[in-house]
């Protein structure tokens with residue numbers, strides 16, 4: 060297994076989300092890492108929220124509120140797998156490394172784009188979730204609108220033995236706009252930047268630990 064370092068790609072800071080231009084963002088966050096595993100393994104871990112308590116210290120729990128085509132299903136019977144139209148609540152730990160009890164912050168979100176990776180066609184995976192202003196506890200769009208993009212890109216890199224092997228680049232970025240975001244940036248901007256790094260570090264460690272030969 061390779062080291063669990065992460066990088067903040069300078070190019071990601073200029074990336075827009077589907078509905079928010081990077082130039083308009085009051086707060087823009089990003090992180091990226093290389094994972095020594097096939098893109099499908101990375102994608103499967105990212106979209107299966109039942110795995111998150113195992114690896115995601117920033118968002119260790121997700122409540123799926125609604126799935127497409129099952130509007131009347133009980134919460135207990137809803138699939139934990141993200142798809143386009145999934146409505147969910149992130150139960151966020153703002154201080155993932157802390158062992159002390161901390162307040163859990165609930166964030167209401169919905170998946171607005173969902174494109175699984177297709178390595179054979181050299182097509183990256185892409186999932187986008189956005190704030191859900193219509194959910195109970197959600198913020199009006201004028202106060203806070205956030206969109207987060209994850210891209211899962213399969214790449215070929217040299218291994219320690221000099222042989223080429225397949226790995227995955229994970230890139231994610233988020234743009235936020237709205238009056239409340241100025242307060243979020245002031246109070247939590249640095250904290251959130253670190254948490255974005257923790258997110259990809261945790262994902263890397265989990266997927267590489269499950270990969271054969273790790």
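In the numbering used here, the protein residues as written are 60 to 273. From the three backbone atoms N, C-alpha and C, an ideal C-beta is built for every residue, glycine too.
- The criterion of a C-beta distance shorter than 8 Å is not satisfied by residue 261 and residue 122.
- Cα atoms of residue 149 and residue 134: separation of roughly 15 Å, rounded to the nearest angstrom.
- According to the DSSP assignment, residue 165 belongs to the beta strand (DSSP E) that extends over 164-174.
- The C-beta distance from residue 78 to residue 233 rounds to 12 Å, too long to meet the 8 Å contact threshold.
- For the 8 Å CB-CB criterion, residue 166 and residue 151 form a contact.
- When secondary structure is reduced to three states using DSSP, residue 220 falls in the coil class, being assigned neither helix nor strand.
- DSSP places residue 149 inside the beta strand (DSSP E), whose first and last residues are 146-151.
- A Cβ-Cβ contact shorter than 8 Å links residue 255 with residue 89.
- Excluding the 5 residues flanking it on each side, residue 257 has same chain C-beta neighbours closer than 7 Å at 116, 117 and 155, in chain order.
- Secondary structure of residue 261 (DSSP, three-state): helix.
- With at least 16 other beta carbons inside 10 angstroms of its own, residue 231 counts as buried.
- With 16 or more neighbouring CB atoms inside 10 Å of its own CB, residue 265 falls in the buried class.
- Contact between the segment 81-95 and the segment 166-181 is absent: fewer than three C-beta pairs spanning the two stretches fall below 8 Å.
- Spanning the alpha carbons of residue 105 and residue 128 requires a straight line of approximately 22 Å.
- C-alpha of residue 75 to C-alpha of residue 248: approximately 18 Å in a straight line.
- Looking at the backbone, the Cα of residue 159 and that of residue 119 are separated by about 15 Å.
- Across the set 238, 72 and 212, the C-alpha of 212 shows the shortest separation from the C-alpha of residue 92.
- Taking 8 Å as the cut-off, the beta carbon of residue 147 is found no closer than this to the beta carbon of residue 164.
- Your pair residue 267 and residue 95 checks out as a contact, with CB atoms roughly 5 Å apart and the cut at 8 Å.
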